[in-house]
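Residue numbers (the numbering used here): 359 to 601. Written out below as structure tokens is the structure these notes cover.
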């Protein structure tokens with residue numbers, strides 16, 4: 359008797375379209391900082407760049423170049439059950455939210471040491487009142503999980519609670535969050551990992567940034583999925599349940 363396989367989403371489902379785009383047209387999801395030439399090419403086209411047919415042609419060419427550069431190991435992703443896929447396929451606005459929140463979580467011990475009113479107001483301006491309040495309150499449980507994960511992995515964070523808060527906390531949060539996401543799929547098959555890495559800013563490729571959380575890949579992934587569930591549980595529920 360053959361083992362049951364996971365059902366493939368219908369052709370018209372948003373998830374199926376997203377997976378096809380991820381596999382075949384990665385340029386549509388690629389972080390622009392990785393390919394500044396694309397933006398220059400669009401600017402050179404002027405008003406023609408608004409023509410959707412021309413943009414489709416460009417993305418087919420750019421994607422073909424990307425796939426050739428990724429090499430034969432970057433096979434298309436077909437396993438919807440991989441626990442990192444919900445992170446890797448997240449729509450851009452959700453991925454950016456997740457990246458920022460993950461970074462704020464890593465900075466939370468340092469953020470909580472700030473008590474001077476002027477500095478708190480500056481943090482609120484940089485990060486937003488809602489996210490800063492989250493760091494002071496609801497992030498507590500995830501901070502505990504983060505500390506436990508570091509201990510279980512036998513690692514420490516690159517910057518502890520005694521470290522100075524970065525001059526630009528928003529940029530620091532974005533970079534640290536990107537690193538945590540990169541770590542979350544670092545042990546995934548090459549086809550998933552390389553495409554997902556391309557969605558993050560180039561700074562996330564730095565091993566020191568990727569491992570700054572002190573978590574191994576499995577624990578980073580679990581933490582990122584917890585953050586994703588708090589941001590958009592509906593999106594996460596579109597994927598097969600994983601342990």
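All residues carry an ideal CB built from backbone N, CA and C; glycine is no exception.
Ranking 380, 525 and 436 by CA distance to the CA of residue 418 puts 380 first. For residue 493, the enclosing alpha helix (DSSP H) begins and ends at 487-494. The beta carbon of residue 562 sits closer than 8 Å to the beta carbons of 533, 536, 537, 539, 540, 555 and 568 from its chain, once the five residues preceding and following it are set aside; these are given in chain order. Shown here, residue 417 sits in a helix according to DSSP, grouped into three states. Out of 583, 548, 585 and 581, the CA that lies nearest to the CA of residue 437 is found in 548. In this structure, residue 503 sits near residue 584, with a CB-CB distance shorter than 9 Å.
Residue 415 counts as exposed, since fewer than 16 other beta carbons sit within 10 angstroms of its beta carbon. Minimum Cα-Cα distance from residue 506 among the listed residues 527, 594, 573 and 494 corresponds to 573. Cβ-Cβ distances below 8 Å link residue 500 to 463, 581, 584 and 585 in the same chain, with the five nearest sequence neighbours on each side left out; the list follows chain order.
Rounded to the nearest whole angstrom, the C-alpha separation of residue 429 and residue 458 is 31 Å.
In the displayed model, residue 433 falls within coil according to three-state DSSP, outside both helix and strand. Membership of residue 592 in the alpha helix (DSSP H) is indicated by the continuous run 591-595.
Inclusion of residue 468 and residue 521 in the CB contact set at 9 Å is warranted, their separation being smaller than that value. Beyond the five residues adjoining it in sequence on each side, residue 553 comes within less than 8 Å, by CB distance, of 380, 381, 384, 387, 428, 432, 435 and 446 in the same chain, given in chain order. Here DSSP, grouped into helix, strand and coil, assigns residue 580 to helix.
Under the three-state reduction of DSSP, residue 396 is assigned to helix. Here the C-alpha atom of residue 475 lies approximately 26 Å from the C-alpha atom of residue 455.
Taken through DSSP and simplified to helix, strand or coil, residue 563 comes out as helix.
If you draw a straight line from the Cα of residue 420 to the Cα of residue 374, it comes to about 21 Å. For the 9 Å CB-CB criterion, residue 405 and residue 413 do not form a contact.
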